[in-house]
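Undergrad: This is the structure I want to talk about, given as structure tokens.
Protein chains in written order, with the numbering used here: chain A, 1 to 605; chain B, 1 to 349.
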């Protein structure tokens, strides 16, 4: 059979996006991941985003790979190559192919004529047929179909066959039979593609040296490691997508690093709680007793924790909460991404409460901010939230290798030991406060002299019960001052003012890559903008100065109600009129095009 | 201020325990409960048991939820830290405290609203985890602080002060405990301190969770005719199923007391539980037999008291978690942080 030829559009070497449309539960994700990893190993900047359903088997699932030599690997909205392996979603998938792009499909069955686009080239690979001939048993045939598909893609994308073969060898070390069948399937797809198509495609990979020193890691794994390194010993949680893998990773790394070599006993305890109310209760109890304790959860868990979060704030008990945000409200879309818990966390619980928030943008920051969070929680004796999200938490990111400073000393805050207590005439829990409005705490099991009664009811600066206004207010006002004092201890914003523009784009978290790419795209169109990424709340002087210094500020975030913008208007002096919003809240990771479109619309209007 | 400071009065003739402390040293703040409240008697029994057990006050952690019962954590052991948490949430807070510092003697004080309604799920899971602590339910069948609504422990037919009858089935924490794997279950009556003190002492020595359901009448809202949690009704229907002595490790079992028919159960710390009086066929270590005895007693309308069930064999939270023997709060940071070198193997390269 003669090779199929295609017209060559402009070169897309190391600059393209592809999307793999699959059926959930068929084993496609490991094959897709294999492709992404092999591109990373070829030294080319890449991202892989798993758009999976809240389902175990049967619903559509997608995996998007973006390859970009300049490091712009935020999500793409259109695709140079669609690997359409799910009949349920053919129409939607084929519509997303860029003009001049390609669609690979399983030609074991004919493609409906309605799905044929004139401006798209179709690459039919009879995957099911080939795998039915080659493999036995329905499960193996289905699994190997994915690998055979990967093999065809290896050929079409110019991926180094040796690199991917090496990955399979590593993945199936000690499982020779599995490795052999995977290699066979890979070769099957590869050979079909090379004998039937003009390969590689214009969108293809060529070896670079841009990922040296980098690792592939997801944010939940990095956050879990951060907790191990920060010295967390008690972890309590209730399973919830997309935060579950954080606690799984914590347990995994504890099993590796936290077993006492002499006794074989564990220097940690992970508690799978009966619900999120219990999880935060356990964290407060453990922190109160002097451990570094944390929980990981997502939006619905934050809602359930509200009452005890207020208690932690008012009774001044440290706690660290990782909120891997997903789409709300209510159950929302558990496997999709938003940053929509900002306000729910900033003001969690009834009454006057204000919390400390950290906003990591990538796995490396998830790692670093874990230690920041414990330091802040103990220094300011209060719950601290790390607001990650599903895109950061569950997708593999190309990240600089994690670094740890061995000179780090945990900031355990003001805690009096038995000797210090003996030197005091009398100990009171909530006075005297230091310049940051923090009073010294004591731990149970240390000394009678430090005993006090922790309560969520109205209390005096001595810690005694009260219902008198002036005594109650003295404590509440100090808590407000304490929150303000925490501002200069939260991570400073990342700012780029090289454009010297009166226009600024401000964002947070996982929006970063899309926004940075958008700023470049806008500059190509003559629109220059300064940039700030907020990394913590309460807002420090750096954030306030940046907001003051710009005339027009576009806040980019992934929620409907402009929650970060709202927080600026509530907690800084910035004029509301200066702030505008670009909001993307459909649940997919942000694209630069979303930002460009939004900013252009604002400026045009 | 609305809290009342209790004057410290020490009598020179007061007996001292092994730590040289008197009973006064185990007391706390002034009670603000109603005069005659059963809870104050429970407090007194706990205070006595703590003193008798020679527990250093700073090693006690007092935990409670919300309600009249929750307040009582402030009324004993002033030398101990207390945590008056949120309604129903004491079990997880206690679990966390015990997880962090396994050397603490955690004493949880709860009520029937706290434990059997809003916090029922937490109690069940606390039992399953077998967290080493003393868990007291001051059970009066009524919501006192909100002025007299039925609680989940109110018996069918029991009436409010105004004469309205409860129609909902009660939740019995002893049956609950038996069904979810409790390792120490007792019921007492606030009016019988002689029975309560040894039960509390045994509870403090127990390896695992000790649940003690104490019928503790509410003199203001549930002590009338028609109530099944009144002083009178409890006195009339109290049947001591078992009579138990707690024999500390150092003390030898006195030979003068007849040992015939006595069931002795060795405790984890070397103490002995001696069941002096049990009905024929009653084995306090046999879950099914205990369940059968209690079921038939319930059918007879009896309020069964005593140490009802003990399992000294099951593992507690820390044994199940293979946690280091030293409290986690005392493991030095250097042993917790793997150090930068260990990062070399992290992530996919």
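We treat Cβ as the ideally placed atom computed from N, Cα and C, and that holds for glycine.
Bear in mind the structure is a predicted one, so any value in this text is a computation, not a measurement.
Which residues in chain A sit within 8 Å of residue 213 of chain B, going by Cβ to Cβ distance?
TA: Position 213 of the second chain, counted from the start, is the residue given in the question as residue 213 of chain B. Those do not exist, as residue 213 of chain B stays about 21 Å from chain A at its closest Cβ, beyond 8 Å.
Undergrad: What residue from A:508, A:281, A:438 and A:130 has the CA that sits closest to residue 649 of chain A's CA?
TA: Any answer about residue 649 of chain A is impossible in this case: the structure gives chain A only from 1 up to 605.
Undergrad: Name the one or two DSSP bridge partners that residue 325 of chain B has.
TA: Along the second chain, read from residue 1 onward, the residue named residue 325 of chain B stands at position 325. Its beta-bridge partners do not exist; DSSP assigns none.
Undergrad: Is the separation between the beta-carbon of residue 246 of chain B and that of residue 276 of chain B shorter than 9 Å?
TA: On the second chain, position 246 is the one that residue 246 of chain B refers to. On the second chain, position 276 is the one that residue 276 of chain B refers to. No.
Undergrad: Looking at chain A, is there any beta carbon in it that lies within less than 9 Å of the beta carbon of residue 73 of chain B?
TA: Translated into positions along the second chain, residue 73 of chain B becomes position 73. It does; some Cβ of chain A falls within 9 Å.
Undergrad: Give a yes or no on whether the minimum CB-CB distance between residue 83 of chain B and chain A is below 9 Å.
TA: Locating residue 83 of chain B in the second chain gives position 83, where the first residue counts as 1. At least one chain A Cβ lies under 9 Å of residue 83 of chain B.
Undergrad: Can you confirm whether residue 166 of chain B, when its beta carbon is compared against all beta carbons of chain A, has any partner nearer than 9 Å?
TA: Numbered from its first residue, the second chain carries residue 166 of chain B at position 166. No, residue 166 of chain B lies away from the interface with chain A (no Cβ there is under 9 Å from its Cβ).
Undergrad: Could you tell me whether the stretch 228-240 of chain A touches the stretch 285-294 of chain A, using the rule of 3 or more Cβ pairs below 8 Å?
TA: At 8 Å Cβ cutoff, the stretches touch.
Undergrad: By the 10 Å Cβ neighbour count, where 16 or more other Cβ atoms means buried, how is residue 255 of chain B classified, buried or exposed?
TA: Position 255 of the second chain, counted from the first residue, corresponds to residue 255 of chain B. For residue 255 of chain B, the pLDDT reaches just 44, beneath the cut-off of 50, and the residue's location in the model is therefore unreliable, although a value from the coordinates is still provided. Result: exposed.
Undergrad: Closer than 8 Å is the cut-off here; do at least three beta carbon pairs connect the stretch 581-596 of chain A with the stretch 512-520 of chain A?
TA: Touching, per the Cβ criterion.
Undergrad: Considering only residues of the stretch 119-180 of chain B, which uninterrupted beta strand (DSSP E) runs meet the minimum length of 3 residues and lie entirely inside it, listed in chain order?
TA: You should have 133-139.
Undergrad: So the alpha helix (DSSP H) residue 149 of chain A belongs to, where does it begin and stop?
TA: Position 149 of the first chain, counted from the first residue, corresponds to residue 149 of chain A. Note, residue 149 of chain A: alpha helix (DSSP H), 138-157.
Undergrad: DSSP has residue 589 of chain A in a bridge; who is on the other side?
TA: Locating residue 589 of chain A in the first chain gives position 589, where the first residue counts as 1. BP columns for residue 589 of chain A are empty, so no partner.
Undergrad: Helix or strand or just coil, what does DSSP make of residue 330 of chain B?
TA: Indexing the second chain from 1 puts residue 330 of chain B at position 330. The answer is helix: DSSP assigns residue 330 of chain B an H, G or I state.
Undergrad: So residue 406 of chain A contacts chain B; which residues on that side make the cut at Cβ distance below 9 Å?
TA: Residue mapping note: residue 406 of chain A aligns to position 406 of the first chain, counting from 1. The answer, in chain order, is 337, 339, 340 and 341.
Undergrad: Taking the alpha-carbon positions, what's the residue 607 of chain A to residue 301 of chain A distance?
TA: Shown here, chain A extends from 1 to 605; a query on residue 607 of chain A therefore has no answer.
Undergrad: Which of the three DSSP states is assigned to residue 115 of chain A in this structure?
TA: As a position in the first chain, residue 115 of chain A is number 115, starting the count at 1. Here residue 115 of chain A sits in helix by DSSP.
Undergrad: Inspect the CB distances between the stretch 112-130 of chain A and the stretch 164-172 of chain A and report whether three or more fall short of 8 Å.
TA: As far as the Cβ criterion goes, the stretch 112-130 of chain A does not touch the stretch 164-172 of chain A, which means the pair count is below three.
Undergrad: Indicate whether residue 243 of chain A and residue 220 of chain A have their beta-carbon atoms separated by less than 9 Å.
TA: By one-based count along the first chain, residue 243 of chain A stands at place 243. By one-based count along the first chain, residue 220 of chain A stands at place 220. Yes, the Cβ-Cβ distance between residue 243 of chain A and residue 220 of chain A is below 9 Å.
Undergrad: Look at the Cβ atom of residue 185 of chain A, then the Cβ atom of residue 250 of chain A, and state whether they are nearer than 9 Å.
TA: Stepping through the first chain from its first residue, residue 185 of chain A is reached at position 185. Stepping through the first chain from its first residue, residue 250 of chain A is reached at position 250. For residue 185 of chain A and residue 250 of chain A, no; Cβs fall outside 9 Å.
Undergrad: Mark residue 381 of chain A as exposed unless 16 or more other C-beta atoms lie within 10 angstroms of its C-beta, in which case mark it buried.
TA: Numbered from 1 along the first chain, position 381 holds the residue referred to as residue 381 of chain A. Under this definition residue 381 of chain A is a buried residue.
Undergrad: Within the same chain, show all residues whose beta-carbon is closer than 6 Å to that of residue 240 of chain B, passing over the 5 residues directly before and after it, in chain order.
TA: Working through the second chain from its first residue, we reach residue 240 of chain B at position 240. Hits under 6 Å: 305 and 306.
Undergrad: Does the stretch 326-341 of chain A come close enough to the stretch 556-565 of chain A to have 3 or more Cβ pairs within less than 8 Å?
TA: Yes, the stretch 326-341 of chain A touches the stretch 556-565 of chain A.
Undergrad: Which value, in whole angstroms, describes the spacing of the CA atoms of residue 460 of chain A and residue 479 of chain A?
TA: On the first chain, position 460 is the one that residue 460 of chain A refers to. On the first chain, position 479 is the one that residue 479 of chain A refers to. Going from the Cα of residue 460 of chain A to the Cα of residue 479 of chain A covers about 13 Å.
Undergrad: Cα separation between residue 78 of chain B and residue 405 of chain A?
TA: Here residue 78 of chain B refers to the residue found at position 78 when the second chain is read from its first residue. Here residue 405 of chain A refers to the residue found at position 405 when the first chain is read from its first residue. Their Cα atoms are separated by approximately 43 Å.
Undergrad: Residue 123 of chain A and residue 222 of chain A - do their beta-carbons sit closer together than 9 Å?
TA: Translated into positions along the first chain, residue 222 of chain A becomes position 222. Translated into positions along the first chain, residue 123 of chain A becomes position 123. Not in contact: residue 222 of chain A and residue 123 of chain A (Cβ atoms no closer than 9 Å).
Undergrad: Of the residues A:387, A:332, A:349 and A:214, which one's Cα is nearest the Cα of residue 345 of chain B?
TA: In the second chain, residue 345 of chain B corresponds to position 345, counting from 1. Cα-wise, what sits closest to residue 345 of chain B is A:214.
Undergrad: What is the C-beta distance between residue 68 of chain B and residue 36 of chain B, in whole angstroms, given that I count them as a contact (C-beta under 8 Å)?
TA: Taking the first residue of the second chain as position 1, residue 68 of chain B is located at position 68. Taking the first residue of the second chain as position 1, residue 36 of chain B is located at position 36. With 8 Å as the limit, residue 68 of chain B and residue 36 of chain B do not qualify as a contact, their Cβ atoms being about 13 Å apart.
Undergrad: Kindly say whether residue 35 of chain B, judged by its beta-carbon, lies nearer than 9 Å to any beta-carbon of chain A.
TA: Counting from one through the second chain, the residue named residue 35 of chain B turns up at place 35. By this cut-off, residue 35 of chain B is not an interface position.
Undergrad: Of the residues that make up the stretch 40-61 of chain A, which ones have a beta carbon closer than 7 Å to any beta carbon in chain B?
TA: If the cut-off is 7 Å between Cβ atoms, the stretch 40-61 of chain A has nothing near chain B.
Undergrad: Taking the DSSP output, what are the residues bridged to residue 212 of chain B?
TA: Mapped onto the second chain, residue 212 of chain B falls at position 212. B:136 and B:186, per the DSSP bridge assignment.
Undergrad: Tell me whether residue 459 of chain A sits in a helix, a strand or coil according to DSSP, three-state version.
TA: In the first chain, counting from the first residue as 1, residue 459 of chain A sits at position 459. Residue state, collapsed to three classes: strand.
Undergrad: Would you tell me roughly how many angstroms separate the C-alpha atoms of residue 257 of chain B and residue 278 of chain B, rounded to the nearest one?
TA: By one-based count along the second chain, residue 257 of chain B stands at place 257. By one-based count along the second chain, residue 278 of chain B stands at place 278. Reliability of the predicted coordinates at residue 257 of chain B is poor, the pLDDT of 48 falling under 50, and no value is obtained from them.
Undergrad: Quick one: Cα of residue 267 of chain A to Cα of residue 257 of chain A, how far?
TA: Here residue 267 of chain A is taken as the residue at index 267 of the first chain, counted from 1. Here residue 257 of chain A is taken as the residue at index 257 of the first chain, counted from 1. If I take the Cα positions, the gap works out to 9 Å.
Undergrad: Nearest chain B C-beta to residue 215 of chain A closer than 9 Å, yes or no?
TA: Taking the first residue of the first chain as position 1, residue 215 of chain A is located at position 215. Yes, contact with chain B.
Undergrad: Got a sec: which bits of the stretch 321-333 of chain B sit with their beta carbon under 8 Å from any beta carbon on chain A, in order along the chain?
TA: From the stretch 321-333 of chain B, only 321, 322, 323, 324, 325, 327, 328, 329, 331 and 333 have a Cβ closer than 8 Å to chain A.
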